[in-house]
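Visitor: In terms of the numbering used here, the sequence shown opens at residue 2 and continues consecutively.
The C-beta atom is built at its ideal place from N, Cα and C for all residues, glycine as well.
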Amino acid sequence: LLASPSGPEWFVGVADLQREIKRKGLKEALRPLLWPRGAEPDPRLVRVFVQGLNTPRADGKDIGGDSRLSLYLSEGYLEGPVLALYNGTALEARAPLEPDRIELPLRGTELVRHLVPLRRRDFYWALRLRMTHGTSNPQTLAELKNISRLIEATLGDPSGARLHLVGYSDGHLLIEEALRRSLPALRRLFPARELERVLGQRLFIEAWGNASPPLVRGPRRLFVHDRVDAITGGKLPGGETFGVRAASDLPPGFAERTVILTFEGPYPAEDLNNHNALTTIGPALRAIRQAEGVRGTVALYRALRARGGPQHHYALAGFDWRPFERWRWKTGAAAKQPRPRGE
Numbered sequence: 002l003l004a005s006p007s008g009p010e011w012f013v014g015v016a017d018l019q020r021e022i023k024r025k026g027l028k029e030a031l032r033p034l035l036w037p038r039g040a041e042p043d044p045r046l047v048r049v050f051v052q053g054l055n056t057p058r059a060d061g062k063d064i065g066g067d068s069r070l071s072l073y074l075s076e077g078y079l080e081g082p083v084l085a086l087y088n089g090t091a092l093e094a095r096a097p098l099e100p101d102r103i104e105l106p107l108r109g110t111e112l113v114r115h116l117v118p119l120r121r122r123d124f125y126w127a128l129r130l131r132m133t134h135g136t137s138n139p140q141t142l143a144e145l146k147n148i149s150r151l152i153e154a155t156l157g158d159p160s161g162a163r164l165h166l167v168g169y170s171d172g173h174l175l176i177e178e179a180l181r182r183s184l185p186a187l188r189r190l191f192p193a194r195e196l197e198r199v200l201g202q203r204l205f206i207e208a209w210g211n212a213s214p215p216l217v218r219g220p221r222r223l224f225v226h227d228r229v230d231a232i233t234g235g236k237l238p239g240g241e242t243f244g245v246r247a248a249s250d251l252p253p254g255f256a257e258r259t260v261i262l263t264f265e266g267p268y269p270a271e272d273l274n275n276h277n278a279l280t281t282i283g284p285a286l287r288a289i290r291q292a293e294g295v296r297g298t299v300a301l302y303r304a305l306r307a308r309g310g311p312q313h314h315y316a317l318a319g320f321d322w323r324p325f326e327r328w329r330w331k332t333g334a335a336a337k338q339p340r341p342r343g344e
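Set out below in structure tokens:
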């Protein structure tokens, strides 16, 4: 499903939206989602946000994906207008989507069996996708298919529409894998040289939390994450990095279209809240945009690229993190008071 914060409770299926784009054109198909009150920003820009793992809709216990999305917008972390693609979560499944025992290849062809509770199942499927590009999880397959449909429909639109994809944690993992799976369809639409130009000019990927598989050449990208991110800051079995933590993690030829934006948040390396978009990533991104005197993330990307080099770090010394503590995840490490870093 896609949801629009500008039209509460307004949902549309991705396949239905794709048909409407082909029938009416991009602007008219998206009008009910993006501009229900008549406000029309750039009609050729589609911005889509994909949540991270374990993000159900609000149920009275968890804040929920819909409430988090409203906070991202009201706090100025995420730009509007935006479509939100709610990636599924095992937490919402009445019955497990898969047997309790699943197989996860960790080292080469060796299969290690795990008993996976619902809260951890999302993580294991994400890890499998990151390591092997594969999944037998119908939920993950549906997510990848839906994002691929959006990529193909928007970039294939004759109006020259631009696509801004924002992925938080697992959302970025899904975006990158969906783009990789879209390449055959895109190559049928554009010759090789034209496709790289289209990806470079019309596709911008914004990654919160640096969870990323091998990247597809072409799009502009901005990574933003705490330098000691506890979830994606480590390495996978075999020594490969989980995400793009520094310029040295970029494949050859990617640095020219990439900005890696790191910051020092208030939490120590063992605290998962340094991966939390409401407590660290969002506030830091907003503060950095304000410091640079730009309004949007694409403008921030351009300003930092003009400065030279893909790597940019902000210590954020003296930044007041206390207003965001009310959104902390209640992990064991998170129960401790945050301690300032970089001062």
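If V170 sits next to G53, beta carbons under 8 Å apart, how far is it from one beta carbon to the other, in whole angstroms?
Guide: Looking up residue 170 in the sequence shown gives position 169. Looking up residue 53 in the sequence shown gives position 52. Correcting the residue identity first, residue 170 is Ser in this sequence and not Val. Contact flag correct, Cβ pair sits at about 3 Å.
Visitor: Can you tell me which of the three DSSP states W330 falls into?
Guide: Start at 1 with the first residue of the sequence shown, and residue 330 comes out as number 329. If DSSP states are grouped into helix, strand and coil, W330 belongs with coil.
Visitor: Only counting the same chain, and skipping five residues up and downstream in sequence, which positions put a Cβ closer than 7 Å to that of L145?
Guide: Counted from its first residue, the sequence shown places residue 145 at position 144. The residues are L175, E178, A179, R182.
Visitor: Determine, using beta carbons only, whether N275 and V245 come nearer to each other than 8 Å.
Guide: Reading the sequence shown from its first residue, position 274 is the one you call residue 275. Reading the sequence shown from its first residue, position 244 is the one you call residue 245. Against a cut-off of 8 Å, the Cβ pair of V245 and N275 comes out as no contact.
Visitor: Tell me which residue opens and which closes the alpha helix (DSSP H) that Q19 is part of.
Guide: The residue you call residue 19 lines up with position 18 of the sequence shown. Its alpha helix (DSSP H) spans residues 15-25.
Visitor: Please confirm if the stretch 232-240 is in contact with the stretch 270-288, defined as three or more CB-CB distances below 8 Å between the two stretches.
Guide: Result yes; three or more Cβ-Cβ pairs closer than 8 Å.
Visitor: Less than 8 Å between the beta carbons of P284 and W330, yes or no?
Guide: Locating residue 284 in the sequence shown gives position 283, counting from the first residue. Locating residue 330 in the sequence shown gives position 329, counting from the first residue. Contact flag unset, no.
Visitor: Note down the Cα distance separating G239 from T298, rounded to an integer number of angstroms.
Guide: On the sequence shown, residue 239 is found 238 positions in, with the first residue counted as 1. On the sequence shown, residue 298 is found 297 positions in, with the first residue counted as 1. One C-alpha to the other measures close to 34 Å.
Visitor: If contacts are defined as beta-carbon pairs under 8 Å, then V295 and A304 qualify, I think. What distance do you get, rounded to the angstrom?
Guide: Position 294 of the sequence shown, counted from the first residue, corresponds to residue 295. Position 303 of the sequence shown, counted from the first residue, corresponds to residue 304. Contact holds; Cβ gap of about 6 Å.
Visitor: Can you tell me which of the three DSSP states W126 falls into?
Guide: Within the sequence shown, numbered from 1, the residue matching residue 126 stands at position 125. Three-state result, W126: helix.
Visitor: Which residue's Cα is closest to the Cα of G266: N277, Y87, R20?
Guide: Translated into the one-based positions of the sequence shown, residue 266 becomes position 265. For the residues N277, Y87, R20, the minimum Cα distance to G266 belongs to N277.
Visitor: Could you say which of T133, L92, L79 lies nearest to Q140 if we only look at CA atoms?
Guide: Position 139 of the sequence shown, counted from the first residue, corresponds to residue 140. Looking at the Cα atoms, L92 is the closest of the given residues.
Visitor: Beta-carbon separation of Q19 and R121 under 8 Å?
Guide: Numbered from its first residue, the sequence shown carries residue 19 at position 18. Numbered from its first residue, the sequence shown carries residue 121 at position 120. The answer is no: Cβ separation not under 8 Å.
Visitor: Which term fits T133, buried or exposed, when burial requires 16 or more other beta carbons within 10 angstroms of its beta carbon?
Guide: Along the sequence shown, one-based indexing puts residue 133 at 132. With fewer than 16 other Cβ atoms within 10 Å, it is exposed.
Visitor: Three or more beta-carbon pairs under 8 Å between the stretch 192-201 and the stretch 75-83, yes or no?
Guide: Short answer: they don't touch.
Visitor: D227 by DSSP, collapsed to three states: which one?
Guide: Position 226 of the sequence shown, counting from 1, holds the residue named residue 227. D227 falls in the strand class under three-state DSSP.
Visitor: Which residue marks the beginning of the alpha helix (DSSP H) containing L180, and which one marks its end?
Guide: The residue given as residue 180 occupies position 179 in the sequence shown. Segment 171-190, the alpha helix (DSSP H) holding L180.
Visitor: Measure how close the beta-carbons of R45 and V167 come, nearest whole angstrom, since I'm counting them as under 8 Å.
Guide: Along the sequence shown, one-based indexing puts residue 45 at 44. Along the sequence shown, one-based indexing puts residue 167 at 166. The pair is not a contact, with the Cβ atoms about 18 Å apart (cut-off 8 Å).
Visitor: With H, G and I counted as helix, E and B as strand and the rest as coil, what does DSSP make of Q312?
Guide: Position 311 of the sequence shown, counting from 1, holds the residue named residue 312. Here Q312 sits in strand by DSSP.
Visitor: Can you give, in chain order, each stretch of the beta strand (DSSP E) that sits fully within the stretch 254-300 and has at least 3 residues?
Guide: As far as the stretch 254-300 is concerned, its whole beta strand (DSSP E) runs of at least 3 residues are 259-264.
Visitor: When the Cα atoms are used, what is the spatial distance from T155 to D67?
Guide: Taking the sequence shown and counting its residues from 1, one reaches residue 155 at position 154. Taking the sequence shown and counting its residues from 1, one reaches residue 67 at position 66. C-alpha separation (whole angstroms): 24 Å.
Visitor: With DSSP collapsed to three states, give me the class of F243.
Guide: Looking up residue 243 in the sequence shown gives position 242. Reduced to three states, the DSSP call for F243 is coil.
Visitor: Does G319 pass the burial test, meaning 16 or more other C-beta atoms within 10 Å, or should it be called exposed?
Guide: In the sequence shown, the residue the question calls residue 319 occupies position 318. It counts as exposed.
Visitor: Starting from the C-beta of N147, find all residues in its chain whose C-beta is less than 7 Å away, skip the five residues before and the five after it, and write them out in chain order.
Guide: Locating residue 147 in the sequence shown gives position 146, where the first residue counts as 1. Within the same chain, N147 has close Cβ partners V15, L86.
Visitor: Which residues mark the beginning and the end of the beta strand (DSSP E) in which L204 is found?
Guide: Counted from its first residue, the sequence shown places residue 204 at position 203. It spans 204-209 - the beta strand (DSSP E) in which L204 sits, taken as one unbroken run.
Visitor: Any idea which residues DSSP pairs V51 with across the strands?
Guide: Looking up residue 51 in the sequence shown gives position 50. Looking at the DSSP assignment, V51 forms a beta bridge with L86, G168.
Visitor: Helix, strand or coil, according to DSSP, for L46 in the structure here?
Guide: Position 45 of the sequence shown, counted from the first residue, corresponds to residue 46. The answer is strand: DSSP assigns L46 an E or B state.
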